[in-house]
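Inspection log for the structure reproduced underneath, given as structure tokens.
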Amino acid sequence: MASVHESLYFNPMMTNGVVQANIFGIKDWVTPYKIAVLALLYEMATTKPMALLDRRRLNKLILPLQQGPDLTFNQFLKTVEECSLLMVSAVKLRLFTMVDQELQDMEHFFTILPNAFSDSEAFKTSVVGLFMRQMLLAYNKLSFSQVYKLYRSLQQYTCHEARLSSLAPEDMELTSEDPPDPPDKTELDLGPLQQSDLRSEAQGPLSQKQAEYFLARQAYLLKNDENKAMKPSTLQDDLNNILKFNPDFAEAHYLSYLNSVRVQDIYISTHSLLHYFDRLILSGGEGKSNGEEGYGRSLRYAVLNLATLHCRFGHYQQADLALQEAIRIAQEANDHVCLQHCLSWLYTLEQMKGSDSAALTEDSVKMAAHFCLPYLASLGIQSLVQQGALQGMSANKLLEALRGTDVIHWKQSLSELIDISLAQTASIWRMYGKSTMARQQAQLLLNMNSLEPVNFGVQQNNTEPFAIALCHLAELHAEQGLYGPVSDIIIHLKQRFPPHTQHAKLWMLCDLKIQFERAMNHGKYHLAEPLVIAISALNSTEGLYRKAQLLKAMNQTSEASRILQQVQQLSEKNKNTEMIIRVLLSTAELHWDSCGFSTALPLLLQALALARQHNLQSLESETILHLAFTQLMLGVPEQALVLVQNVLECVLAHGSVLDKARALLLTARCQATLAASAPEEQRLQAVQVCVETVCEAGVYFSQLNCKQRLREVYYLQARLYHTLGDVSERNKSALLFRLLNQELPPSSTTAVTLL
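If you read the sequence shown in our numbering, its first letter stands for residue 141, the second for the next number, and so on.
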């Protein structure tokens with residue numbers, strides 16, 4: 141590889157095939173690719189008749205060509221061709237004329253190059269002029285042997301394209317059939333060059349500007365659109381290649397740290413993070429004027445970053461020790477800004493461990509506001525809002541707090557925090573059971589233009605808030621039975637957040653939960669079983685709960701009860717109120733299967749108290765429906781109907797299709813029970829109302845293709861039509877019931893014990 145680099149890049153620091161000292165000590169050097177860029181600049185300056193649109197495209201292209209890594213000749217021509225066909229022909233003619241003649245033609249090109257810009261002010265002050273002067277200076281410093289190597293390398297750089305273009309189609313067919321002639325030495329040397337060109341964009345020694353551009357571009361893409369960044373393995377290879385030529389390049393170590401974090405590699409990420417701060421001190425990145433303060437600042441921020449790394453990987457004890465060390469060093473240096481960062485991570489660590497960190501968070505917000513740190517203050521308020529939502533605070537107080545932070549975000553143009561605030565608002569509305577408001581906030585986030593500057597073709601931030609908003613929309617559409625749009629949203633999520641990105645787990649879990657619910661609604665338990673294993677790999681608590689649901693549906697009540705107890709213990713430990721309520725409801729349903737309706741009442745009352753305490757309106761409505769069904773089974777249909785009617789409006793407005801259907805079916809059962817004891821002249825009218833309610837519930841069940849529930853609907857319809865004396869409708873409903881009863885497996889749970 142040393143000989144290849146020597147012939148391609150002509151780095152004066154490289155002698156006898158060995159890289160000497162710091163390769164970035166030389167700002168730039170001449171390469172065949174940069175000669176092609178110089179030829180493009182020369183032709184742009186000397187070619188007068190050019191379309192205005194083509195010239196604008198070329199002007200936008202110049203800076204990426206200068207600062208970016210060296211391209212192959214084919215890539216360079218294709219890039220220029222997309223801007224101007226006239227210019228690519230002129231550049232090809234200039235380069236082919238140069239390489240087909242003698243060395244003096246290349247020498248003549250560098251002689252006449254300044255003449256095209258001598259009368260231009262841009263040659264003295266612009267980035268293009270600086271680039272050309274650097275190339276001329278680097279070329280003039282080359283010895284005769286180095287100039288000859290440069291000329292030979294330019295011939296190799298362009299000859300492959302020239303040969304391919306000169307071959308006729310029939311010649312290419314002959315070459316594919318006839319045995320090739322023995323290659324000469326030039327062709328043998330060409331192979332490694334082409335292979336190196338086909339590698340990633342940072343392969344080979346880069347100049348300082350090229351390396352800085354490459355690192356800045358990849359770091360920006362990792363932050364804003366990881367999908368457009370290089371793959372982790374390829375990016376790590378390029379970083380190792382850069383560090384091979386300059387191990388003290390601190391920014392490359394930091395990008396290696398970011399790249400390792402997204403693939404959860406604790407060893408390389410820790411190694412790269414420590415090397416970044418070590419090299420930052422060695423390279424004088426802190427500035428000599430700071431003296432010992434520069435070293436101390438790097439030290440305390442290095443320890444703080446190490447603590448955040450352990451927090452990310454769940455190493456809470458190591459993170460706590462690192463945070464205490466960072467706090468001690470910051471206190472000795474009287475660095476209030478570093479102390480505020482430490483305090484913000486301290487309450488974050490307490491939240492991760494499940495402790496109450498409200499007092500720490502409030503202190504952090506007050507101190508951040510005192511020291512005019514709006515970013516940390518806003519993060520603290522958002523954390524307080526999240527804790528308040530989990531503790532059951534009313535929605536108006538939480539949204540009022542978020543509105544106050546939004547004012548700060550817009551004043552300070554904190555685009556990232558605006559996205560987080562909208563995603564958090566959508567999550568709060570969703571948790572409180574207001575699906576319409578959650579959908580509105582999610583769509584507002586997705587349709588909002590980002591305040592971030594548009595760099596490297598990134599129009600919108602592909603960050604965690606956007607993934608959360610799209611997952612909310614997918615789940616909300618799935619609740620309404622709109623599986624077509626759900627599929628489109630999941631496909632879009634896969635494109636924006638591929639499996640190797642760090643936010644892919646969000647849509648993976650969302651997709652698995654939707655598939656599980658759909659399989660359960662269809663009664664395809666054999667399809668739901670592998671989904672339980674996949675869900676458990678992403679979220680153990682959620683996986684156990686889904687497993688209990690599956691076992692309950694398969695009539696394995698004892699095993700389901702045991703797993704529900706495990707889920708309840710985990711949820712109480714993690715203070716997951718929503719899961720606790722769902723476990724209580726599922727346990728009550730297990731009591732129904734054994735006709736223990738009276739024993740289910742304490743569980744349902746406990747769930748109702750928790751739902752009201754935490755303002756979880758959706759779960760409160762579901763719990764009341766369970767209570768109404770229990771009262772119906774205990775022989776109190778009047779009170780059951782009153783409970784259902786109290787929550788029916790909320791369920792129809794914000795509930796899922798399944799919730800709507802279950803509520804309407806329960807309403808019809810209560811009405812039918814009351815109609816049986818009604819006077820003769822009112823009975824038929826009451827039964828007719830029941831039929832309309834059951835038919836509406838059947839429409840909702842049909843949207844989900846929930847055959848188990850449809851069988852119950854058809855059974856109840858047949859009984860009601862028989863009471864009305866409508867023989868044709870009774871026979872039709874009875875036939876549908878019989879067909880589904882033959883298709884579905886027999887169930888030990890009767891229609892009357894199923895909500």
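Even for Gly, the Cβ is constructed at its ideal location relative to N, Cα and C.
These numbers were taken from a predicted model, which means no experiment stands behind them.
- request: Measure the Cβ-Cβ separation of L211 and M246 and say whether it is below 9 Å.
  value: no
task: Return helix, strand or coil for L875, following the three-state DSSP convention.
output: helix
task: Compute the Euclidean distance between the alpha carbons of L524 and N199, then round it to the nearest angstrom.
output: 49 Å
- prompt: Would you say the stretch 454-472 touches the stretch 497-513, given that touching needs at least three Cβ pairs under 8 Å?
  reply: no
- request: Report back the beta-carbon spacing between E712 and I720 to the nearest angstrom; my notes put them in contact at under 8 Å.
  value: 6 Å
- prompt: Three or more C-beta pairs closer than 8 Å, one from the stretch 723-731 and one from the stretch 530-549: is that the case here?
  reply: no
query: How do the stretch 381-394 and the stretch 410-420 stand: do at least 3 beta-carbon pairs fall below 8 Å, yes or no?
result: yes
Cross-strand partners of D628 (DSSP beta bridge): Its beta-bridge partners do not exist; DSSP assigns none.
field: Buried versus exposed, by CB contacts within 10 Å (16 or more), L101
entry: There is no way to answer for residue 101, as the model of the chain reaches only from 141 to 895.
- request: Can you check the stretch 725-793 for any alpha helix (DSSP H) of at least 4 residues that lies completely inside it and give the ranges in chain order?
  value: 737-753, 757-773
query: Under the three-state reduction of DSSP, which class applies to N386: helix, strand or coil?
result: coil
- request: Report the option in E222, M184, Y182, V170 whose CA atom is closest to the CA atom of L277.
  value: V170
message: Counting C-beta neighbours from all protein chains within 10 Å, is the total for W550 16 or more, i.e. buried, or is it exposed?
response: exposed
field: Backbone secondary structure at E341 - three-state DSSP
entry: Confidence in E341 is poor, its pLDDT being 42 and thus under 50, which makes the residue's placement too unreliable to answer from.
message: For a quick check, are the C-beta atoms of V626 and I654 less than 9 Å apart?
response: yes
message: I need the straight-line Cα distance from P742 to L748, nearest angstrom please.
response: 10 Å
- prompt: On the three-state DSSP scale, how would you describe D866?
  reply: coil
message: Buried or exposed, going by whether 16 or more other CB atoms sit within 10 Å of the CB of H640?
response: exposed
message: Could you check whether the stretch 848-858 touches the stretch 819-829, counting it as contact only if at least three pairs of C-beta atoms, one from each stretch, sit closer than 8 Å?
response: no
- request: Using three-state DSSP, classify D496 as helix, strand or coil.
  value: coil
message: Less than 9 Å between the beta carbons of L513 and W485, yes or no?
response: no
The stretch 600-613 touching the stretch 551-564, judged by at least three CB pairs closer than 8 Å: yes
query: What is the residue span of the alpha helix (DSSP H) that E712 lies within?
result: 697-714
query: Comparing alpha-carbon positions, which option in A618, M571, R658 lies nearest T717?
result: M571
- prompt: Could you give the distance in angstroms between the alpha-carbon of R452 and the alpha-carbon of Q708?
  reply: 26 Å
query: Between which two residues does the alpha helix (DSSP H) containing P514 stretch?
result: 514-531
From E699, N695, W647, residue whose alpha carbon lies closest to that of N679: W647
query: What do you reckon, are the CB atoms on S534 and N755 nearer than 9 Å?
result: yes
query: So who's on the other strand from N602, going by DSSP bridges?
result: D365
field: Check whether A808 and A837 have beta carbons under 9 Å apart
entry: yes
task: Below 8 Å on the Cβ atoms is my guess for K174 versus M275; work out the distance and round it to an integer in Å.
output: 6 Å
message: Give me, in chain order, the residues of the same chain whose beta-carbon lies closer than 8 Å to that of Q480; leave out the 5 immediate sequence neighbours on both sides.
response: S504, M507, A508, F511, L513, L516
- prompt: Over what stretch of residues does the alpha helix (DSSP H) that includes W569 continue unbroken?
  reply: 555-571
field: Nearest-angstrom Cα separation, counted from V443 out to T374
entry: 29 Å
task: Give every residue of the same chain whose Cβ lies closer than 7 Å to the Cβ of C650, excluding the five residues on either side of it in the sequence, and list them in chain order.
output: C611, A614, E615
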